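Residue numbers (this note's numbering): 16 to 317.
(1) Here's the rule I'm using: 16 or more other beta-carbon atoms within 10 Å means buried, otherwise exposed. How should residue 253 be labelled?
(2) So, with DSSP's three-state summary, where would you put residue 216?
(3) Taking all protein chains shown into account, do 16 or more other C-beta atoms lie within 10 angstroms of the C-beta of residue 103, making it buried, or fewer, making it exposed?
(4) Output needed for residue 60: all residues of its chain with C-beta closer than 7 angstroms, excluding positions within five of it in sequence on either side, in chain order.
(5) According to DSSP, what are the bridge partners of residue 178?
(6) Roughly how many angstroms separate the alpha carbons of residue 257 and residue 231, rounded to a whole number?
(7) Can you give me the Cβ contacts of residue 158 inside the same chain, cut-off strictly under 7 angstroms, excluding the 5 residues immediately before and after it?
(8) Just mark residue 63 as buried or exposed, buried being the case when its beta carbon has 16 or more other beta carbons within 10 Å.
(9) Going by DSSP in three states, residue 197 sits in which element: helix, strand or coil?
(10) Alpha helix (DSSP H) containing residue 95: first to last residue?
(11) For residue 199 and residue 82, what's the separation of their Cα atoms in angstroms?
(12) Are the segment 115 to 133 and the segment 182 to 196 touching, with three or more C-beta to C-beta distances below 8 angstroms?
(13) What's the C-alpha gap between residue 213 and residue 35?
(14) Which value, in whole angstroms, describes the spacing of the CA atoms of residue 193 and residue 129?
(15) Quick one: is residue 124 buried, meaning 16 or more other Cβ sit within 10 Å of its Cβ, or exposed?
(16) For the alpha helix (DSSP H) holding residue 103, just list the boundary residues, first then last.
(17) Identify which residue in 260, 96 and 296 has its Cα closest to the Cα of residue 122.
(18) Spatial neighbours of residue 312 within its chain, please: C-beta separation below 6 angstroms, excluding the five flanking residues on both sides.
(19) Excluding five sequence neighbours on each side, which residues of the same chain lie with their C-beta closer than 8 angstroms to the C-beta of residue 298?
(20) Less than 8 angstroms between the CB atoms is what I'm expecting for residue 293 and residue 310, so what's the real figure, rounded?
(21) Please classify residue 105 as buried or exposed, where buried requires at least 16 other C-beta atoms within 10 Å of its C-beta.
(22) Mapping the DSSP letters down to three states, classify residue 208 as helix, strand or coil.
(23) For a test of your reading of the model: does the CB of residue 76 fall under 8 angstroms from any non-hydrogen atom of the ligand FAD? Yes or no.
(24) Could you give the distance in angstroms between the alpha-carbon of residue 272 and the alpha-carbon of residue 244?
(25) Where does the unbroken alpha helix (DSSP H) through residue 272 begin, and where does it stop?
(26) Buried or exposed: which applies to residue 303, given that a residue is buried once 16 or more other Cβ atoms fall within 10 Å of its Cβ?
(27) What does a CB cutoff of less than 8 angstroms around residue 267 pick up in its chain, not counting 5 residues either side in sequence?
(28) What whole-angstrom Cβ distance do residue 225 and residue 286 have, given they're in contact under 8 angstroms?
(29) Have a look at residue 56 and residue 126 and give me their C-alpha separation to the nearest angstrom.
(30) Mapping the DSSP letters down to three states, classify residue 295 as helix, strand or coil.
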């Protein structure tokens with residue numbers, strides 16, 4: 016302890032008070048599983064990434080079992096550009112042909128996955144990086160999407176290539192890692208019935224995994240504060256019916272809709288609550304889990 020801090024104990028008193036206030040929440044979540052979808056600005060900023068790794072280790076240290084599922088859209092786009100591979104988006108989804116899915120898997124399961132794993136290990140944890148192919152973790156099916164022609168009103172089936180969605184999750188693989196004291200870091204790559212490789216949206220993969228392992232919480236780290244009302248103020252809590260009503264009246268729109276749909280499906284699947292929170296805020300996970308008010312939008316059944 017430096018002499019400066021020794022002369023001013025107020026800093027340490029605040030720290031002690033914070034730890035004391037967090038105790039009931041530590042007890043509440045001890046032995047529970049929390050699935051965290053990690054991506055966006057939180058993953059691209061070196062300082063935030065370092066704090067995220069330390070926070071994951073802290074969760075494990077106090078008896079919570081964190082499971083990390085990460086994205087990597089910007090990094091994939093950068094690699095495709097570097098390799099001069101054209102990439103097309105339809106309704107916000109990347110059309111993924113055979114050549115593109117190889118690059119997607121290389122980036123997600125390689126560089127990004129191992130970087131996050133190394134950061135958690137450096138922070139004092141024991142993380143293991145896997146993809147949905149490992150341990151038969153994520154069996155996937157081809158994602159089916161239709162769009163309506165605005166002129167004829169005729170529905171057209173989109174072929175997005177090797178874009179998939181979870182069909183079956185193998186929770187035993189993750190539970191075994193947890194029993195061994197390891198922190199799973201998962202790249203959202205799935206396998207098809209004939210060995211195909213599928214690129215899966217990280218939010219969707221995280222939601223399916225949370226439901227399969229019986230998680231207490233799903234945390235979706237985003238680049239927005241959470242769900243906002245029509246005045247632009249944060250909505251701290253929503254039930255399923257309330258969320259559906261806000262979608263129908265247009266309060267919730269655009270890119271927030273698929274995130275909200277993931278939360279709703281996850282809660283219907285048995286997870287106590289799903290939270291959309293701002294990953295741009297340092298220690299946002301700790302603020303959400305260990306404080307009374309939280310900082311994001313929590314979606315729960317009722």
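Glycine is no exception: its CB is placed at the ideal position from the N, C-alpha and C atoms. Bear in mind the structure is a predicted one, so any value in this text is a computation, not a measurement.
For this structure:
(1) Taking the chain shown and counting its residues from 1, the one referred to as residue 253 is at position 238. With 16 or more other Cβ atoms within 10 Å, it is buried.
(2) Position 201 of the chain shown, counted from the first residue, corresponds to residue 216. Coil at residue 216, not helix or strand.
(3) Position 88 of the chain shown, counted from the start, is the residue given in the question as residue 103. The residue in question, residue 103, is exposed, as its Cβ has fewer than 16 Cβ neighbours within 10 Å.
(4) By one-based count along the chain shown, residue 60 stands at place 45. If we look at residue 60 and ignore the five residues flanking it on each side, it has no Cβ neighbours.
(5) As a first step, residue 178 is located in the chain shown; it is residue number 163 there, counting from the start. According to DSSP, which records beta bridges pairwise, residue 178 is partnered with 214.
(6) Within the chain shown, residue 257 is the residue found at index 242, counting from 1. Within the chain shown, residue 231 is the residue found at index 216, counting from 1. Roughly 21 angstroms separates the two Cα atoms.
(7) The residue labelled residue 158 in the question sits at position 143 within the chain shown. Within the same chain, residue 158 has close Cβ partners 175, 178, 179 and 180.
(8) For the purposes of this step, residue 63 is taken as residue 48 along the chain shown, with counting starting at 1. Buried: at least 16 other Cβ atoms inside 10 Å.
(9) Here the question's residue 197 lines up with position 182 in the chain shown. DSSP places residue 197 outside both helix and strand once states are collapsed to three, so it counts as coil.
(10) Taking the chain shown and counting its residues from 1, the one referred to as residue 95 is at position 80. 88 to 97 is the span of the alpha helix (DSSP H), which, as asked, contains residue 95.
(11) In the chain shown, residue 199 corresponds to position 184, counting from 1. In the chain shown, residue 82 corresponds to position 67, counting from 1. Roughly 5 angstroms between the two C-alpha positions.
(12) no
(13) Locating residue 213 in the chain shown gives position 198, where the first residue counts as 1. Locating residue 35 in the chain shown gives position 20, where the first residue counts as 1. Annotation: residue 213 to residue 35 spans about 45 angstroms, alpha carbon to alpha carbon.
(14) Position 178 of the chain shown, counted from the first residue, corresponds to residue 193. Position 114 of the chain shown, counted from the first residue, corresponds to residue 129. Rounded to whole angstroms, residue 193 and residue 129 show a C-alpha spacing of 19 angstroms.
(15) Reading the chain shown from its first residue, position 109 is the one you call residue 124. With 16 or more Cβ atoms within 10 Å of its Cβ, residue 124 is classed as buried.
(16) For the purposes of this step, residue 103 is taken as residue 88 along the chain shown, with counting starting at 1. Counting along the chain, residue 103 falls outside any alpha helix (DSSP H), and DSSP gives it neither H nor E.
(17) Translated into the one-based positions of the chain shown, residue 122 becomes position 107. When only C-alpha atoms are compared, the closest one is 96.
(18) Taking the first residue of the chain shown as position 1, residue 312 is located at position 297. Close CB contacts of residue 312 within its chain, under the 6 angstroms cut and outside five residues either way in sequence, are with 241, 242, 250 and 291 (chain order).
(19) Numbered from its first residue, the chain shown carries residue 298 at position 283. Within the same chain, residue 298 has close Cβ partners 66 and 70.
(20) What you label residue 293 is simply residue 278 of the chain shown in a count that begins at 1. What you label residue 310 is simply residue 295 of the chain shown in a count that begins at 1. About 7 angstroms separates the two Cβ atoms, so the contact holds.
(21) Translated into positions along the chain shown, residue 105 becomes position 90. By the 10 Å Cβ count, residue 105 comes out exposed.
(22) If you number the chain shown from 1, residue 208 lands on position 193. Coil at residue 208, not helix or strand.
(23) Among the components modelled here there is no ligand, and therefore nothing to report on the ligand FAD.
(24) Here the question's residue 272 lines up with position 257 in the chain shown. Here the question's residue 244 lines up with position 229 in the chain shown. Each residue's Cα considered, the two are about 14 angstroms apart.
(25) Sequence index remark: in the chain shown, residue 272 carries index 257 (1-based). 271 to 283 is the extent of the alpha helix (DSSP H) around residue 272.
(26) Numbered from 1 along the chain shown, position 288 holds the residue referred to as residue 303. Buried, because 16 or more other Cβ atoms sit within 10 Å of the Cβ of residue 303.
(27) Translated into positions along the chain shown, residue 267 becomes position 252. Correct list, in chain order: 242, 258, 261 and 275.
(28) Within the chain shown, the letter at position 210 stands for residue 225. Within the chain shown, the letter at position 271 stands for residue 286. At roughly 5 angstroms, the Cβ-Cβ gap stays under 8 angstroms, so residue 225 and residue 286 are in contact.
(29) Indexing the chain shown from 1 puts residue 56 at position 41. Indexing the chain shown from 1 puts residue 126 at position 111. Each residue's Cα considered, the two are about 17 angstroms apart.
(30) Residue numbering aside, residue 295 sits at position 280 when the chain shown is read from its first letter. DSSP places residue 295 in coil when its eight states are reduced to three.
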